[in-house]
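Asker: Numbering (my numbering), first residue to last: 41 to 192. Below is one structure. I have some questions about it.
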Amino acid sequence: MGFNLTVNCDRLSSVADPATPLIDILREEMHLTGAKPVCREGFCGACMVLVDGEPTPSCLLPAALADGRKIRTVEGLAPHGELNRIQAALEASDAVQCGMCFPGMVVSLVHLLTTRPDATRDDIRAALTGNICRCTGYERIVEATLLALATA
Ligand code: FES
Ligand code: FES
41 MGFNLTVNCD RLSSVADPAT PLIDILREEM HLTGAKPVCR EGFCGACMVL VDGEPTPSCL
101 LPAALADGRK IRTVEGLAPH GELNRIQAAL EASDAVQCGM CFPGMVVSLV HLLTTRPDAT
161 RDDIRAALTG NICRCTGYER IVEATLLALA TA
């Protein structure tokens, strides 16, 4: 059997169990370790990736169901090793502590910046309801996102 994935600009043919969570294929077969397996239950958002442009917890998605869909990981949102707009704003706002939540946060916030350039403070908070941060607190993250929106 097997399945094919398109991740960032790369293709992968896998013969893994089709029910393998996407995050495990990303990390173990493609060596894309940005998405973090933290809760593995769809609650924390640390494993968030874009699937056909929508933020999706990759711990919940069987990899074979991603066949034929366009997957972008946090690595694909900062090509050439440069910080993207939201990453630069998070750094400038001193919004990052341990960083465990940030790959998922960045994925959700890139989606927000792309789809809602007029996003308000409440919109930003709503966009982050699927992303849990246990150490920074959300205020600096919201401020950083407002900064990124203002510098578009
Ligand atoms: S590891 Fe996927 S939502 Fe927490
Ligand atoms: S910066 Fe540590 S969990 Fe968010």
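All residues carry an ideal CB built from backbone N, CA and C; glycine is no exception.
1) Output needed for Pro-97: all residues of its chain with C-beta closer than 7 angstroms, excluding positions within five of it in sequence on either side, in chain order.
2) What residues in its chain sit with their C-beta under 6 angstroms from that of Ala-59, if we drop five residues either side in the sequence?
3) When a residue counts only if its C-beta is closer than 5 angstroms to some heavy atom of ligand 2, which residues count, in chain order?
4) Would Ile-126 and Val-146 qualify as a contact pair, given that the criterion is a beta-carbon distance under 7 angstroms?
5) Between which two residues does the alpha helix (DSSP H) harbouring Arg-163 extend?
6) Is Pro-97 close to ligand 1? I mean its beta-carbon at under 6 angstroms from any heavy atom of the ligand.
7) With a threshold of 6 angstroms (Cβ to nearest heavy atom), would Gly-82 be considered close to ligand 3?
8) State the Cα-Cα distance for the pair Ser-148 and Ala-190, rounded to the nearest angstrom.
9) Going by beta-carbon coordinates alone, are Arg-156 and Val-182 separated by less than 7 angstroms?
10) So does Cys-49 have its beta carbon nearer than 6 angstroms to some heavy atom of ligand 1?
11) Confirm, please, whether the CB-CB distance from Ala-135 to Arg-67 is below 7 angstroms.
Answerer: So, from the data block:
1) By one-based count along the sequence shown, residue 97 stands at place 57. If you ignore the 5 residues before and after Pro-97, its C-beta comes within less than 7 angstroms of the C-beta of Gly-82, Gly-85, Cys-87, Met-88, all in its own chain and listed in chain order.
2) Taking the sequence shown and counting its residues from 1, the one referred to as residue 59 is at position 19. Excluding sequence positions up to five before and after Ala-59, its CB lies within less than 6 angstroms of the CB of Pro-102, all in the same chain and listed in chain order.
3) Listed along the chain, these residues meet the criterion: Gln-137, Cys-138, Met-140, Cys-141, Cys-173, Arg-174, Cys-175, Thr-176.
4) The residue given as residue 126 occupies position 86 in the sequence shown. The residue given as residue 146 occupies position 106 in the sequence shown. Yes, the pair counts as a contact, with Cβ atoms nearer than the cut-off.
5) By 1-based counting over the sequence shown, the position of residue 163 is 123. Note that residue 163 is Asp in the sequence shown, not Arg. Counting along the chain, the alpha helix (DSSP H) containing Asp-163 begins and ends at 161 to 167.
6) If you number the sequence shown from 1, residue 97 lands on position 57. Remark: the C-beta of Pro-97 is in contact range of ligand 1, defined as less than 6 angstroms to any heavy atom.
7) The model on display carries ligand 1 and ligand 2 but not ligand 3.
8) Walking along the sequence shown from the start, residue 148 turns up at place 108. Walking along the sequence shown from the start, residue 190 turns up at place 150. Those two C-alpha atoms are separated by around 18 angstroms.
9) Here residue 156 is taken as the residue at index 116 of the sequence shown, counted from 1. Here residue 182 is taken as the residue at index 142 of the sequence shown, counted from 1. No, Cβ-Cβ distance for Arg-156 and Val-182 is not below 7 angstroms.
10) In the sequence shown, the residue the question calls residue 49 occupies position 9. Distances between the C-beta of Cys-49 and the heavy atoms of ligand 1 are all 6 angstroms or more.
11) Within the sequence shown, numbered from 1, the residue matching residue 67 stands at position 27. Within the sequence shown, numbered from 1, the residue matching residue 135 stands at position 95. For Arg-67 and Ala-135, no; Cβs fall outside 7 angstroms.
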